[in-house]
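Trainee: Here it is, the structure in full.
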Amino acid sequence: MQPQAFYRAVADDFKAVDGIIKKQLTSRVPLVSKIGDYITSAGGKRLRPLLVLLCGKALGREGDDMRLLAATIEFLHTATLLHDDVVDMSGMRRGRSTANAMWGNAPSVLVGDFLYSRSFEMMVELGSMPVMKILSQATRIIAEGEVLQLSKVRDASTTEEIYMEVIRGKTAMLFEASTHSAAALAGATAEQSEALRTFGDHLGIAFQLVDDLLDYKGDAQTLGKNVGDDLAEGKPTLPLIYTMREGTPEQAALVRKAIQKGGIEDLESIREAVEASGSLEYTAQLARDYVARAIKCLDALPASEYRDALVELSEFAVARTH
Numbered sequence: 021m022q023p024q025a026f027y028r029a030v031a032d033d034f035k036a037v038d039g040i041i042k043k044q045l046t047s048r049v050p051l052v053s054k055i056g057d058y059i060t061s062a063g064g065k066r067l068r069p070l071l072v073l074l075c076g077k078a079l080g081r082e083g084d085d086m087r088l089l090a091a092t093i094e095f096l097h098t099a100t101l102l103h104d105d106v107v108d109m110s111g112m113r114r115g116r117s118t119a120n121a122m123w124g125n126a127p128s129v130l131v132g133d134f135l136y137s138r139s140f141e142m143m144v145e146l147g148s149m150p151v152m153k154i155l156s157q158a159t160r161i162i163a164e165g166e167v168l169q170l171s172k173v174r175d176a177s178t179t180e181e182i183y184m185e186v187i188r189g190k191t192a193m194l195f196e197a198s199t200h201s202a203a204a205l206a207g208a209t210a211e212q213s214e215a216l217r218t219f220g221d222h223l224g225i226a227f228q229l230v231d232d233l234l235d236y237k238g239d240a241q242t243l244g245k246n247v248g249d250d251l252a253e254g255k256p257t258l259p260l261i262y263t264m265r266e267g268t269p270e271q272a273a274l275v276r277k278a279i280q281k282g283g284i285e286d287l288e289s290i291r292e293a294v295e296a297s298g299s300l301e302y303t304a305q306l307a308r309d310y311v312a313r314a315i316k317c318l319d320a321l322p323a324s325e326y327r328d329a330l331v332e333l334s335e336f337a338v339a340r341t342h
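Using our numbering, read the sequence shown as starting at 21 and increasing by one per residue.
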């Protein structure tokens with residue numbers, strides 16, 4: 021874990037959350053524990069539980085309940101990763117083989133179901149109906165976002181508006197649920213609760229925009245995933261949508277054909293077209309705009325090192341290279 025200030029601000033809590041995750045992964049079926057441990061120990065950024073802890077402390081609330089909520093959010097996120105990798109037939113995540121590549125699709129789907137179920141047991145343990153409402157709705161919206169994305173695979177007519185609807189569901193929703201549920205558990209005012217909900221939404225959108233940008237800028241070793249995965253699956257992400265809309269007729273035709281066909285045979289040509297059309301800068305600027313709006317939402321919180329850490333985390337989300 022990189023020692024950024026936003027991790028240091030809640031280091032003890034973060035360590036406690038890791039302990040909760042390990043404890044809650046135990047199962048009488050050894051394969052469940054094995055796959056669960058494999059994916060949760062993959063070294064991800066754990067931004068969503070981090071958001072829970074930072075938002076809670078920024079509102080003056082900490083302790084076992086907030087840590088349990090942070091672990092619950094991470095279980096929900098991990099469950100979606102297991103299912104996503106099966107749907108996308110991904111072989112690599114965070115620089116190593118995916119669970120489905122190691123154990124097969126069926127165990128990965130079922131362990132994802134286990135993690136979803138465990139997360140709801142943890143919610144019940146929290147005993148907060150407002151948190152239950154936020155997280156149960158978020159889980160439904162995430163599933164809808166994934167299905168919407170699936171329905172647009174190899175659809176070159178996908179618009180920027182539909183793309184934004186997809187990423188708001190499949191990615192931003194869990195960021196929003198993290199900040200919103202932390203506010204609910206902390207007993208925030210209505211103004212603070214709405215500000216943190218919006219903050220999470222905007223930050224999540226920016227995060228996914230950068231992810232989609234890096235698919236055409238990065239390399240597999242840095243990113244810890246296969247570059248061009250989205251193109252291989254025929255997913256019309258914003259860099260591709262913009263190139264079809266604003267690029268030359270030749271660039272638009274090249275991208276349209278690649279989306280409809282899937283595969284990465286033309287990856288280098290696509291990268292050149294995406295770069296030349298200005299779509300990478302357009303996507304990067306949109307991410308920066310969303311982060312600026314997210315940071316503005318934090319004005320609703322009292323000044324503290326935790327609010328500062330949330331600002332720094334937001335800036336990191338658009339400056340990252342993986």
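All C-beta atoms in this analysis are idealised placements derived from N, C-alpha and C, irrespective of residue type, glycine included. Computed from a predicted model, the values in this text were never measured in an experiment.
Under a three-way DSSP split, which group does residue 117 fall into?
Mentor: Locating residue 117 in the sequence shown gives position 97, counting from the first residue. Residue state, collapsed to three classes: strand.
Trainee: I need the boundaries of the alpha helix (DSSP H) containing residue 268, first residue and last residue.
Mentor: One-based indexing of the sequence shown puts residue 268 at position 248. No alpha helix (DSSP H) contains residue 268, which DSSP labels as neither H nor E.
Trainee: Closest by CA to residue 61, which one among 133, 316, 94, 287?
Mentor: Your numbering for residue 61 matches position 41 in the sequence shown. The shortest C-alpha separation from residue 61 is found at 94.
Trainee: Taking only the alpha-carbon atoms, compute the straight-line gap between residue 72 and residue 134 and give it to the nearest angstrom.
Mentor: Here residue 72 refers to the residue found at position 52 when the sequence shown is read from its first residue. Here residue 134 refers to the residue found at position 114 when the sequence shown is read from its first residue. Looking at the backbone, the Cα of residue 72 and that of residue 134 are separated by about 22 Å.
Trainee: Closer than 7 Å by C-beta to residue 291: which residues in its own chain qualify, once you throw out the five before and the five after it? Chain order, please.
Mentor: On the sequence shown, residue 291 is found 271 positions in, with the first residue counted as 1. Contacts found: 236.
Trainee: Can you list the alpha helix (DSSP H) stretches of 4 or more residues lying completely in the segment 159-247, in chain order?
Mentor: 180-187, 193-205, 210-234, 240-243
Trainee: In chain order, what residues of the same chain lie with their CB nearer than 8 Å to the CB of residue 51, ignoring the 5 residues before and after it?
Mentor: Counting from 1 along the sequence shown, the entry for residue 51 is found at position 31. So the list reads 123, 127, 131, once near-sequence residues are dropped.
Trainee: So for residue 109, helix, strand or coil by DSSP?
Mentor: Walking along the sequence shown from the start, residue 109 turns up at place 89. Here residue 109 sits in coil by DSSP.
Trainee: Taking 7 Å as the cut-off, decide whether the C-beta atoms of residue 257 and residue 232 are in contact.
Mentor: Here residue 257 is taken as the residue at index 237 of the sequence shown, counted from 1. Here residue 232 is taken as the residue at index 212 of the sequence shown, counted from 1. A distance below 7 Å separates the beta carbons of residue 257 and residue 232.
Trainee: Near residue 24, which residues of its chain fall below 6 Å by C-beta distance, leaving aside the five closest residues on each side in sequence?
Mentor: Counting from 1 along the sequence shown, the entry for residue 24 is found at position 4. Cβ within range, chain order: n/a, list empty.
Trainee: Note down the Cα distance separating residue 261 from residue 227, rounded to an integer number of angstroms.
Mentor: For the purposes of this step, residue 261 is taken as the residue at position 241 of the sequence shown. For the purposes of this step, residue 227 is taken as the residue at position 207 of the sequence shown. One Cα belongs to residue 261, the other to residue 227, and the distance between them is close to 18 Å.
Trainee: For residue 189 and residue 162, I'd like the C-alpha separation in whole angstroms.
Mentor: Within the sequence shown, the letter at position 169 stands for residue 189. Within the sequence shown, the letter at position 142 stands for residue 162. Cα to Cα, residue 189 sits roughly 5 Å from residue 162.
Trainee: Out of 252, 282, 300, state which residue places its alpha-carbon closest to the alpha-carbon of residue 263.
Mentor: By one-based count along the sequence shown, residue 263 stands at place 243. Nearest C-alpha to residue 263: 300.
Trainee: Which word fits residue 210, buried or exposed, when buried means at least 16 other C-beta atoms lie within 10 angstroms of its C-beta?
Mentor: Locating residue 210 in the sequence shown gives position 190, where the first residue counts as 1. Exposed, by the Cβ-count rule.
Trainee: Considering only the alpha carbon of each residue, which of 167, 282, 36 lies closest to residue 69?
Mentor: Numbered from 1 along the sequence shown, position 49 holds the residue referred to as residue 69. That would be 36, whose Cα lies nearest to the Cα of residue 69.
Trainee: With contact counted as at least three CB pairs below 8 Å, one residue from each stretch, are the segment 191-206 and the segment 168-176 in contact?
Mentor: no
Trainee: Give the secondary structure of residue 93 by DSSP, where H, G and I count as helix, E and B as strand, and everything else as coil.
Mentor: Within the sequence shown, residue 93 is the residue found at index 73, counting from 1. In the structure shown, residue 93 sits in a helix (DSSP, three-state: H, G or I).
Trainee: Rounded to whole angstroms, what is the Cα-Cα separation between residue 116 and residue 329?
Mentor: Locating residue 116 in the sequence shown gives position 96, where the first residue counts as 1. Locating residue 329 in the sequence shown gives position 309, where the first residue counts as 1. Distance between the alpha carbons of residue 116 and residue 329: 30 Å.
Trainee: What residue range does the alpha helix (DSSP H) around residue 76 cover?
Mentor: Here the question's residue 76 lines up with position 56 in the sequence shown. From DSSP, the alpha helix (DSSP H) with residue 76 extends over 67-78.
Trainee: Tell me the rounded alpha-carbon separation between residue 6 and residue 34.
Mentor: No information on residue 6 is available, as it lies outside the stretch 21 to 342 that the chain covers here.
Trainee: Does DSSP put residue 39 in a helix, a strand or coil?
Mentor: On the sequence shown, residue 39 is found 19 positions in, with the first residue counted as 1. If DSSP states are grouped into helix, strand and coil, residue 39 belongs with the helices.
Trainee: Quick check: what's the CA-CA separation for residue 31 versus residue 154?
Mentor: Along the sequence shown, read from residue 1 onward, the residue named residue 31 stands at position 11. Along the sequence shown, read from residue 1 onward, the residue named residue 154 stands at position 134. For residue 31 and residue 154, the distance between alpha carbons rounds to 26 Å.
Trainee: How many angstroms separate the CA atom of residue 318 from the CA atom of residue 79?
Mentor: Working through the sequence shown from its first residue, we reach residue 318 at position 298. Working through the sequence shown from its first residue, we reach residue 79 at position 59. Cα to Cα, residue 318 sits roughly 11 Å from residue 79.
Trainee: Would residue 143 pass as a contact of residue 149 if the rule is Cβ separation under 7 Å?
Mentor: Along the sequence shown, one-based indexing puts residue 143 at 123. Along the sequence shown, one-based indexing puts residue 149 at 129. Their beta carbons are not under 7 Å apart, which means residue 143 does not touch residue 149 by this criterion.
Trainee: Which residue's Cα is closest to the Cα of residue 314: 281, 184, 327?
Mentor: Counting from one through the sequence shown, the residue named residue 314 turns up at place 294. Measuring from the Cα of residue 314, the nearest candidate turns out to be 327.
Trainee: Just list the alpha helix (DSSP H) runs in the segment 278-334, keeping only unbroken ones of 4 residues or longer that don't cross its boundaries, in chain order.
Mentor: 287-297, 299-317
Trainee: First and last residue of the alpha helix (DSSP H) that includes residue 50?
Mentor: Taking the sequence shown and counting its residues from 1, the one referred to as residue 50 is at position 30. Element bounds for residue 50: 50-60.
Trainee: Spatial neighbours of residue 99 within its chain, please: C-beta separation below 6 Å, excluding the five flanking residues on both sides.
Mentor: Looking up residue 99 in the sequence shown gives position 79. Counting only Cβ-Cβ distances below 6 Å, and skipping sequence neighbours, we find 132, 135, 136.
Trainee: Quick one: what's got a C-beta closer than 7 Å to residue 125's C-beta in the same chain, skipping five residues either side?
Mentor: As a position in the sequence shown, residue 125 is number 105, starting the count at 1. Around residue 125: 106.
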